[in-house]
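If you want it as C-alpha cells, here you go:
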C-alpha cells in the first residue's frame, strides 16, 4: 500500500476512534449507557461456569501489570537485539507508555465508580476507561503492526492478526465477566487506545517518509 494512503488511513482511524470515544464518554457522563451495560453484563455473566471463570481469570492476569511488563521486555529485546530497528523500538515504547499515561489521565477526569453487582475478583481505582483493555489494545496492536512488516506470508500475517484479536477481545471480555468493568468501560478503552495507536503509527510513518526523502536528497547531492 502506498505510504500516503497508509498515512491517510492512520489519521482517519485515529480521528474516528477519538470521536467515538468522545461519544461514549458523553453517554457515560450523562448516565445514558445503563441499559447497554446491563444487557451485555447479563449475557456475559450468564455464561458463568467454574471452568470459564478460570479461563477469564487467566486472561485478565495476562492483561495485568507483571505479564504486560514481561511481554514488553521480550518485544524490546527482539526489536533491539534481533531486528536492530531502533525507530520501531521508540514507536513501541511510546505506544505502551503513552497508553498507560492516557488511561490514568482519563480515569481521573471521569472518576467513574466500578460495578458492584456481581464481582468475582477485587479491583481498585476508577472504572472508565478500562486499563486492561487499553493496555491489551495498545500492546498487541503495536506488536501486530511491527511484526506484520517482517512477515511475508499470508498465513503468517493472518495468524498474527487472529492471535492479536483474540488476546485483545479475551482480556476485555474477561473484565466484564469478572464484574470489575462495565462494557462501556471496555469499549471506551478500546477506542481510546485505538486512537492513540493509530496516531502514533501515523506519526511514525510520517517520520519514516521524511527520513527516506532526506536520504534521497543526500544521495542526489553526492
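In our numbering, the protein residues as written are 10 to 231. Beta carbons are placed, not taken as given, at the ideal position from N, Cα and C, and that holds for glycine.
1. According to DSSP, simplified to helix, strand and coil, what is residue 120?
2. Taking only runs of the alpha helix (DSSP H) that begin and end inside the segment 37-89, which ones reach a length of at least 4 residues, in chain order?
3. What would DSSP say about residue 232, mapped onto helix, strand or coil?
4. Assign residue 201 to buried or exposed, taking buried as 16 or more other Cβ atoms, counted over all protein chains shown, within 10 Å of its Cβ.
5. Compare the C-alpha of residue 102 against each of 53, 131, 205 and name the closest.
6. Where does residue 211 land, buried or exposed, given buried means 16+ other C-beta within 10 angstroms?
7. Taking one C-beta from the segment 14-30 and one from the segment 91-110 each time, how about it: are there three or more such pairs within less than 8 Å?
8. Would you say residue 158 and residue 135 are within 7 Å of each other, going by their C-beta atoms?
9. Taking its Cβ as the centre, do 16 or more other Cβ atoms sit within 10 Å of residue 180, making it buried, or is it exposed?
10. Can you tell me whether DSSP reads residue 112 as helix, strand or coil?
From the atom records:
1. Position 111 of the chain shown, counted from the first residue, corresponds to residue 120. Residue 120 falls in the coil class under three-state DSSP.
2. 43-54, 59-71, 74-86
3. Only positions 10 to 231 of the chain appear in the structure, and residue 232 is not among them; the question remains open.
4. Position 192 of the chain shown, counting from 1, holds the residue named residue 201. By the Cβ neighbour-count rule, residue 201 is buried, with 16 or more other Cβ atoms within 10 Å of its own.
5. Along the chain shown, read from residue 1 onward, the residue named residue 102 stands at position 93. In terms of Cα proximity to residue 102, the closest of 53, 131, 205 is 205.
6. For this step, residue 211 is matched to residue 202 along the chain shown. So residue 211 ends up on the buried side.
7. By the Cβ rule, the segment 14-30 does not count as touching the segment 91-110, because fewer than three pairs are nearer than 8 Å.
8. Within the chain shown, residue 158 is the residue found at index 149, counting from 1. Within the chain shown, residue 135 is the residue found at index 126, counting from 1. No. Outside cutoff.
9. Here residue 180 refers to the residue found at position 171 of the chain shown. By the neighbour-count rule (16 or more Cβ atoms within 10 Å), residue 180 is buried.
10. Taking the first residue of the chain shown as position 1, residue 112 is located at position 103. In the structure shown, residue 112 sits in a helix (DSSP, three-state: H, G or I).
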